[in-house]
């Protein structure tokens, strides 16, 4: 989701800047991505040179969600791809942030419990040391 957000955001910016889609894809290929996404971009670049639409190339992929493909199709037909890419980037970025927030909401209580257990072990160890000292002295 994060890498799709980065991809869509970069493509939106490059297309708004006047780059053609094939040149934008070629520029973005230099960035280290998941291997599946790299392969998809390489395939998309060769298929676009043959005259295929980006949405039809992405439709073959299992990485790109079907809602994204539908929006890309609309963007291609309305000549509004930069706006669509920007919208998709925002949506995937928000989804990633929600995932991180959900993960942290689970992680925080677990860390608190673990710290509590750790502190309890230390307190018990200190108490046992004090008790053994009192047994020795008397």
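In the working numbering, the protein residues as written are 973 to 1110. Ideal placement from N, C-alpha and C gives every residue a C-beta, glycine not left out.
Backbone CA spacing between residue i and residue j [nearest angstrom]
i            : j            : result
residue 1009 : residue 1076 : 27 Å
residue 939  : residue 1039 : Examination of residue 939 is not possible in this model, given that the chain is present from 973 through 1110 alone.
residue 1102 : residue 1082 : 30 Å
residue 1037 : residue 993  : 20 Å
residue 999  : residue 1012 : 14 Å
residue 1025 : residue 1019 : 8 Å
residue 1046 : residue 1079 : 40 Å
residue 983  : residue 1021 : 17 Å
residue 1097 : residue 1085 : 18 Å
residue 1031 : residue 1041 : 6 Å
Residue i burial status per 10 Å Cβ neighbour count (16 or more: buried)
i            : result
residue 1090 : exposed
residue 1016 : buried
residue 986  : buried
residue 977  : buried
Nearest to residue i (by Cα), restricted to the options the options
i            : options                  : result
residue 1048 : 1028, 1067, 1063 and 979 : 1028
Closer than 7 Å: residue i CB and nearest the ligand ATP heavy atom
i            : result
residue 1009 : Summarising the ligand content, the structure contains no ligands, and the ligand ATP is consequently not present.
Residue i at chain B interface by Cβ criterion, 8 Å
i            : result
residue 1086 : Looking at the structure shown, chain B is missing, and only one protein chain is on hand.
Practice task
Give a yes or no on contact between the region 1000–1007 and the region 1090–1099, applying the rule of three or more CB pairs nearer than 8 Å.
Solution key: no
Problem - Validate contact between the region 1065–1083 and the region 1043–1056 using beta carbons, cut 8 Å, 3 pairs - result: no
Exercise for the section: Say whether the region 973–984 touches the region 1059–1067, bearing in mind that this needs 3 or more beta-carbon pairs closer than 8 Å, one atom from each stretch. Expected result: yes
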